[in-house]
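Undergrad: In terms of full-length UniProt numbering, the sequence shown is residues 1 to 433. Positions of the beta carbon are idealized from the N, C-alpha and C atoms, including for glycine. The structure under discussion is supplied below as structure tokens; questions concerning it will follow.
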Amino acid sequence: MEYRRLPKLSSEINSQNKNLLNVGGVGVGSEGPDPREVELFLEEILSLMQLGEDYTEFMVSKIKGLTNVDPDLGPRATKAFRSGSFSKVVQEITGFYVILEGFFMVENVRKAIRIDEHVPDSLTTSMVDDVFYVLQSCLRRAISTLNISSVIAALSGVSSLLSNEYHEALQQKMREPNLGAKLFLGGVGVQNTGTEIATVLNNLDVSSEYVLKLKHEIEEQCLEVFPAPVDGEKVKSCLSELGDMSNTFKQALNAGLEQLVATVAPRLRPVLDHVGTISYELSEAQYADNEVNDPWVQRLLHAVETNVAWLQPLMTANNYDSFVHLVLDFIVKRLEATMIQKRFSQLGGLQLDRDARALVSHFSSMTQRTVRDKFARLTQMATILNLEKVSEILDFWGENSGPMTWRLTPAEVRRVLSLRVDFKPEAISALKL
């Protein structure tokens, strides 16, 4: 063992950083052992550990054969072998493996973070693929040792790195002051800043996905290599931490997307405020004129295209869909609040239905996820405001609702009915909903 100077190397690593996985040291180069040299040792140790496991399995099977001679001899001999000098050497080698693998993992992840850069034609920066390649390689090697303790140590190291240094590196850019303000410098979208913000969000999205892929891969491999239930429970416990990290990245991503929406929202607000000035007490002539000269929908859609759609090529499909849906939440909430304050003629109700359909049609083309549920309340308001008489609501309510699920409460239905200038309050009050 001294010949390959493993004890000295392990000692150097421990003295350089007693806790290999603590936060820090990302920005500076390490002066400890060369990770490339450490990797050569790891490959040698891996071969030794595999041979050790094979030899142990062979010896235990031979010892079990002794039970034919003496039933008590097998268990005693197995216990003696497992506590003998060979097993102690295997344990010692395993200890060196854990130290070296932990060091190799940390150093390479730190390097990937340190040299992080934009990659042409990629939506993420280099560290995302680099970090997960390192983690995947280390975990695969740990499983190849056929030693459950090595796997648990490696999994623990992966969880610690992801939750500390890597998580910090992902969020660092989001903390830059006034990043949102820089997005629309001079009143127009700034491509470089847009790319910067989108890339940060993409890194979080892809990292969350990669964590789950890694978890699934390791879970499958461990089930195959370590079929014993007790080993399975140990692995399961560690893998649940990986699953938690995926959720942590998603939470950070959602916060980042909400931050982006908060930057875009003020640029949509003037158009939404303008909707408040539009009349829905329409005559036939006004309704016909609105068909030619749209009062507000096209202005809103243009504002969305100008302030939202330009980010689509910069974002992952998942992020852009989430972004559009958060923008929709903002728009729909404002529209609902505005419409509930208005008065409507029947043609006004028809106009609202036309407006809602135009919005649903346009936003459906912007995202892969359905948007109809976002507009369900607004569409149902239009349906109510379109009725010939108050009692017609009963044709759509309760048992008569068919496939439609009402998003409005009975109280809200009465409130919407009361917006019609020609519906009598006593008829609305008499309704049994």
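Can you round the beta-carbon distance between VAL151 and ALA142 to whole angstroms, since I take them to be within the 8 Å contact cut?
TA: Mapped onto the sequence shown, residue 151 falls at position 151. Mapped onto the sequence shown, residue 142 falls at position 142. So it is a contact: roughly 5 Å between Cβ atoms.
Undergrad: So, does the region 313-325 touch the region 268-285, judging by three or more C-beta pairs under 8 Å?
TA: No: the two stretches stay apart, fewer than three of their Cβ pairs being nearer than 8 Å.
Undergrad: Could you tell me which of MET105, SER207, ASP422 sits nearest to GLY348, measuring between CA atoms?
TA: Within the sequence shown, residue 348 is the residue found at index 348, counting from 1. Measuring from the Cα of GLY348, the nearest candidate turns out to be ASP422.
Undergrad: Are the beta-carbon atoms belonging to GLN351 and ASN293 less than 8 Å from one another?
TA: In the sequence shown, the residue the question calls residue 351 occupies position 351. In the sequence shown, the residue the question calls residue 293 occupies position 293. Taking 8 Å as the Cβ cut-off, GLN351 and ASN293 do not qualify as a contacting pair.
Undergrad: For the region 303-315 and the region 370-387, state whether three or more C-beta atom pairs, one from each stretch, are separated by less than 8 Å.
TA: Contact fails: fewer than three Cβ-Cβ distances are below 8 Å.
Undergrad: Going by Cα to Cα distance, which pick from LEU260, ASN318, GLN221, MET245 is closest to VAL308?
TA: By one-based count along the sequence shown, residue 308 stands at place 308. VAL308 has its Cα closest to that of LEU260, out of LEU260, ASN318, GLN221, MET245.
Undergrad: Do you know how far the Cα of SER156 is from the Cα of ASN247?
TA: Working through the sequence shown from its first residue, we reach residue 247 at position 247. Working through the sequence shown from its first residue, we reach residue 156 at position 156. Straight-line Cα distance between these residues: approximately 17 Å.
Undergrad: Taking buried to mean at least 16 other C-beta atoms within 10 Å of its own C-beta, is GLY398 buried or exposed?
TA: Here residue 398 is taken as the residue at index 398 of the sequence shown, counted from 1. Flag for GLY398 reads exposed.
Undergrad: Applying the 10 Å Cβ sphere with the 16-neighbour rule, what's the burial state of PRO33?
TA: What you label residue 33 is simply residue 33 of the sequence shown in a count that begins at 1. With 16 or more Cβ atoms within 10 Å of its Cβ, PRO33 is classed as buried.
Undergrad: Residues bridged to LEU199 by DSSP?
TA: The residue labelled residue 199 in the question sits at position 199 within the sequence shown. As written in the sequence, residue 199 is Thr, which differs from the Leu given in the question. Answer is none; THR199 lacks a bridge partner.
Undergrad: Determine the contact status of GLU39 and VAL109, defining contact as a CB-CB distance below 8 Å.
TA: Here residue 39 corresponds to residue number 39 of the sequence shown, with the count starting at 1. Here residue 109 corresponds to residue number 109 of the sequence shown, with the count starting at 1. Cβ distance not < 8 Å, so GLU39 and VAL109 don't count as in contact.
Undergrad: Under 8 Å, do VAL390 and ILE428 count as touching if we go by C-beta distance?
TA: Locating residue 390 in the sequence shown gives position 390, counting from the first residue. Locating residue 428 in the sequence shown gives position 428, counting from the first residue. Cβ atoms of VAL390 and ILE428: closer than 8 Å.
Undergrad: Sort out for me which residues DSSP pairs TYR320 with in a bridge.
TA: Position 320 of the sequence shown, counted from the first residue, corresponds to residue 320. TYR320 is not bridged to any residue.
Undergrad: Could you give the C-beta distance for VAL106 and GLY52, rounded to a whole number, given that I count them as a contact under 8 Å?
TA: One-based indexing of the sequence shown puts residue 106 at position 106. One-based indexing of the sequence shown puts residue 52 at position 52. 26 Å between Cβ atoms; not a contact.
Undergrad: To which residues does DSSP link THR125 through a beta bridge?
TA: Translated into the one-based positions of the sequence shown, residue 125 becomes position 125. DSSP, once it has assigned bridges, lists HIS118 as partnering THR125.
Undergrad: So for PHE41, helix, strand or coil by DSSP?
TA: Numbered from its first residue, the sequence shown carries residue 41 at position 41. Looking at PHE41 - three-state DSSP - the assignment turns out to be helix.
Undergrad: What residues in its chain sit with their C-beta under 8 Å from that of ARG415, if we drop five residues either side in the sequence?
TA: The residue given as residue 415 occupies position 415 in the sequence shown. Cβ within range, chain order: ILE340.
Undergrad: From GLN362 to ASP353, what distance separates their C-alpha atoms?
TA: Counting from 1 along the sequence shown, the entry for residue 362 is found at position 362. Counting from 1 along the sequence shown, the entry for residue 353 is found at position 353. Rather than Gln, the amino acid found at residue 362 in this sequence is His. If you take the alpha carbons of HIS362 and ASP353, they lie about 14 Å apart.
Undergrad: Ends of the alpha helix (DSSP H) at PHE375?
TA: Position 375 of the sequence shown, counting from 1, holds the residue named residue 375. Neither: PHE375 is in no alpha helix (DSSP H) and is coded neither H nor E.
Undergrad: Let me check understanding here. Comparing Cα to Cα, which of LEU162, VAL275, GLN172, LEU272 lies closest to LEU239?
TA: On the sequence shown, residue 239 is found 239 positions in, with the first residue counted as 1. With distances taken between Cα atoms, LEU239 lies closest to LEU162.
Undergrad: Given LYS342, which residues of its chain have a CB within under 7 Å of its CB, disregarding the five upstream and five downstream residues?
TA: As a working note, residue 342 is residue 342 in the sequence shown. So the qualifying residues of the chain are TYR280, LEU419.
Undergrad: Cβ atoms of SER159 and LEU214: under 8 Å apart, would you say?
TA: The count along the sequence shown starts at 1 and reaches residue 214 at position 214. The count along the sequence shown starts at 1 and reaches residue 159 at position 159. No.
Undergrad: Under three-state DSSP, which class holds ARG5?
TA: Taking the first residue of the sequence shown as position 1, residue 5 is located at position 5. Here ARG5 sits in coil by DSSP.
Undergrad: Pick out whichever of ILE99, LEU433, GLU233, PRO403 has its Cα sitting closest to the Cα of ALA411.
TA: For this step, residue 411 is matched to residue 411 along the sequence shown. Nearest of ILE99, LEU433, GLU233, PRO403 to ALA411, Cα basis: LEU433.
Undergrad: So, helix, strand or coil for PHE184, using DSSP?
TA: Counted from its first residue, the sequence shown places residue 184 at position 184. In the structure shown, PHE184 sits in coil (DSSP, three-state: anything other than H, G, I, E or B).
Undergrad: Which same chain residues, not among the five before or five after LEU387, have their C-beta less than 7 Å away from its C-beta?
TA: Locating residue 387 in the sequence shown gives position 387, where the first residue counts as 1. Excluding positions up to five away in sequence, the list reads ILE393.
Undergrad: Can you give me the Cβ contacts of ALA198 inside the same chain, cut-off strictly under 7 Å, excluding the 5 residues immediately before and after it?
TA: The residue given as residue 198 occupies position 198 in the sequence shown. Here the set comprises LEU311, LEU314, MET315.
Undergrad: Quick check on this structure: which residue in SER47, ALA181, SER137, ASN318 has the alpha carbon closest to the alpha carbon of ARG369?
TA: Locating residue 369 in the sequence shown gives position 369, where the first residue counts as 1. Here the closest residue by C-alpha is ASN318.
Undergrad: Find the nearest neighbour of VAL235 within the set SER345, ASN147, LYS333, VAL128, judged by alpha-carbon distance.
TA: Position 235 of the sequence shown, counted from the first residue, corresponds to residue 235. Selected option, being the one with the closest Cα: ASN147.
Undergrad: Pick helix, strand or coil for PHE226, following the three-state DSSP scheme.
TA: By 1-based counting over the sequence shown, the position of residue 226 is 226. Of the three classes helix, strand and coil, the one that applies to PHE226 here is coil, per DSSP.
Undergrad: Restricting to Cα atoms, I'd like to know which of VAL275, LEU417, ALA285 is closest to THR383.
TA: Within the sequence shown, numbered from 1, the residue matching residue 383 stands at position 383. If we check each option's Cα against that of THR383, LEU417 comes out closest.
Undergrad: I need the boundaries of the alpha helix (DSSP H) containing ALA169, first residue and last residue.
TA: Taking the first residue of the sequence shown as 1, we reach residue 169 at position 169. From DSSP, the alpha helix (DSSP H) with ALA169 extends over 167-172.
Undergrad: Taking the beta carbon of ALA181 as the centre, do at least 16 other beta carbons fall within 10 Å, making it buried, or is it exposed?
TA: Within the sequence shown, residue 181 is the residue found at index 181, counting from 1. ALA181 is exposed by the Cβ-count criterion.
Undergrad: Along the chain, where does the alpha helix (DSSP H) that runs through ILE428 open and close?
TA: The residue labelled residue 428 in the question sits at position 428 within the sequence shown. First-last of the alpha helix (DSSP H) with ILE428: 425-429.
Undergrad: Roughly how many angstroms lie between the CA atoms of SER364 and GLY402, to the nearest whole one?
TA: On the sequence shown, residue 364 is found 364 positions in, with the first residue counted as 1. On the sequence shown, residue 402 is found 402 positions in, with the first residue counted as 1. Those two C-alpha atoms are separated by around 24 Å.
Undergrad: DSSP on PHE103, reduced to helix/strand/coil?
TA: As a position in the sequence shown, residue 103 is number 103, starting the count at 1. PHE103: helix per DSSP, three-state reduction.
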